[in-house]
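Taking it in order: structure first as C-alpha cells, then the write-up.
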Ligand SMILES: Nc1nc2c(ncn2[C@@H]2O[C@H](COP(=O)(O)OP(=O)(O)OP(=O)(O)O)[C@@H](O)[C@H]2O)c(=O)[nH]1
Ligand SMILES: [Mg+2]
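Residue numbers (the UniProt record's numbering): 1 to 435.
Structural data, given as C-alpha cells:
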C-alpha cells in the first residue's frame with residue numbers, strides 16, 4: 001500500500017447470494033490461517049537455526065565427543081524435525097488466530113468482496129478493522145433497521161412514517177439538513193416506484209453514500225491524501241480531548257506503513273505533558289519530533305520550526321499537533337488562526353495543506369458548531385472522526401458533510417496505533433445499514 005486510498009469502488013451487484021459470501025469468507029479465513037502458520041514457521045525456522053548453531057558450537061567445544069563430526073545432513077535433519085514439530089503444533093492450534101470466524105467475520109468479508117478484493121489478499125488487520133466498525137455502530141444500526149423495516153415496503157411514506165424516519169435519523173445524529181434531504185429523496189423515489197423494504201434500504205444506502213461522497217466530487221481528490229513530490233502539511237485541530245494527539249500518532253504509523261517520510265511538530269505548547277505525549281508516539285513510530293520545551297512558547301513558532309525542518313529534510317509529510325481549544329474561546333481561536341497564517345505564509349511552493357478537524361463522534365451534534373467555528377479559524381479541508389468504537393451514533397459524519405461540504409478523511413475506532421483508517425463511504429454506510 002503506497003498511498004492511502006479512499007476506496008469507494010464496490011460491486012453494484014446486490015444479488016450475490018449469502019452462500020457466495022460465506023464461501024468467500026471461509027477462503028479468506030483459511031488464507032489468514034495459512035499466513036499465520038507461515039509466519040510462525042519462519043519464526044520457528046530462525047529459532048531452530050539458532051538452536052542448531054548454538055548446539056554445534058557447544059559440541060565443537062567439547063573435545064571428547066564425536067559429535068564434532070556430525071555430518072551436515074544430520075544437522076539439517078535435526079532442524080527439519082524441529083520445524084515439523086512446530087508445524088504440527090501450529091496447524092492444530094487454532095487459538096493462534098485472534099480473529100474469530102463468526103457472523104461479523106462474514107460481514108467484513110462481504111464488504112471486502114464487494115470492493116473487488118480477493119480472499120487470498122485479505123489480512124487479519126483488515127477484518128479486525130471492519131469488525132470494530134460494525135460493532136461500534138451496532139446500536140445505531142439496530143435502531144435504524146428495526147424502525148425502517150416497520151415503515152418501508154408499503155409504497156410512499158405516510159405522514160406518520162415520515163415523522164418516524166425523521167426521528168430515528170435525528171436520534172442517530174444525522175442532523176436536520178441531512179435528515180430533510182434523505183427523507184425527501186427517499187419519498188420522491190417511493191412516489192415514482194414501489195420498492196419492497198429491502199430494496200428501499202438499498203436505495204437509502206445510495207443516498208447516504210452520495211451525501212458522503214459529494215465533497216469529493218466537487219473540490220477534492222478522492223484518491224490520495226499524501227501528494228507526491230510536495231511537502232504535505234496536515235494541521236490537526238479540535239476541542240480538548242477529541243483525540244488529536246492519538247490521531248497524529250496513528251497517522252505517523254500509517255505514513256510509515258506506506259513508506260512516506262514524516263515529522264511531527266508538537267505545537268501544543270499549552271501543557272508540558274502534551275509534548276511528552278507526542279514524543280511517546282514519536283518513539284513508537286520512529287518519527288522525529290520538532291518541539292520547544294521553553295515556557296510560554298508561541299505555538300506558531302513551533303509550527304514555523306517544523307516547517308523549516310520539514311523543508312530542509314525534504315520529508316513527505318509534516319503533521320502538526322495543536323492544543324485542544326473550545327470553539328467559543330475567541331483568544332484561542334485567534335491563536336489557531338495565527339498558526340494557519342504562518343503555514344500559509346511560509347509554505348508557499350510545493351506544498352499541499354490539509355487542515356483537519358478532529359471530532360469526537362460521541363459528542364453528537366456539538367460537532368456541527370465545532371466545524372463551523374474551526375472552519376473560520378483554520379480553513380478546514382476535512383474532518384477526522386474519532387471514537388466510533390464508543391457510544392457514538394455515527395450520523396455526525398453525514399450531518400457535517402451535508403452541512404459544510406467537508407469530506408470525512410479518516411475514522412478512528414480505538415486507542416491503538418492501527419485503529420485509524422482512511423474513510424470509506426461504502427464501509428461506513430454498510431456498517432450503518434447492513435445487518
Ligand atoms: N476509544 C477511543 N479512544 C480514543 C480514540 N482516539 C483517541 N482516544 C482516546 O481519547 C483520549 C484523548 O485523546 P488525545 O489524543 O489525548 O486527545 P487530544 O485531542 O490530543 O487532547 P488535548 O490535547 O488534551 O486537547 C485518550 O484517552 C485517547 O486514547 C478512538 O478512536 N477511540
Ligand atoms: Mg493532544
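C-beta atoms are modelled at their ideal positions from N, C-alpha and C, and glycine is treated no differently.
At a Cβ-Cβ threshold of 7 Å, residue 407 and residue 216 count as neighbours. Going by DSSP, residue 109 is part of the alpha helix (DSSP H) stretching over 103 to 114.
With 5 Å as the limit between CB and the heavy atoms of ligand 2, the residues that fall short of it are 244, 245. Taking the Cβ atoms as the reference, residue 174 lies roughly 20 Å from residue 412, outside the contact range of under 8 Å.
Counted as a single uninterrupted DSSP element, the stretch harbouring residue 377 is not any beta strand (DSSP E) but the alpha helix (DSSP H) occupying residues 366 to 378. Its chain contains no residue whose beta carbon lies nearer than 7 Å to that of residue 23 once the 5 sequence neighbours on both sides are disregarded. A distance below 7 Å separates the beta carbons of residue 140 and residue 172.
Residue 231 and residue 323 have their C-alpha atoms spaced approximately 23 Å apart. Less than 7 Å divides the Cβ of residue 358 from the Cβ of residue 243.
The closest heavy atom of ligand 1 lies 6 Å or more from the beta carbon of residue 139.
In the structure shown, residue 322 adopts extended strand secondary structure according to DSSP, grouped into three states.
When secondary structure is reduced to three states using DSSP, residue 188 falls in the helix class. Per the coordinates, the alpha-carbon of residue 286 lies some 31 Å from the alpha-carbon of residue 117.
Per DSSP, the continuous alpha helix (DSSP H) segment holding residue 303 begins and ends at 299 to 313.
Relative to the non-hydrogen atoms of ligand 1, the Cβ of residue 284 never comes closer than 6 Å to any of them. For residue 415, the CB falls within less than 6 Å of some heavy atom of ligand 1. Contact between residue 429 and residue 208 is confirmed by a C-beta separation of about 5 Å, below the 8 Å threshold. Contact check for residue 263 against residue 347 fails: the beta carbons are separated by 7 Å or more. Counting other Cβ atoms within 10 Å of its Cβ, residue 163 stays below 16 and is therefore classed as exposed.
In the DSSP assignment, residue 384 falls within the unbroken beta strand (DSSP E) covering 382 to 386.
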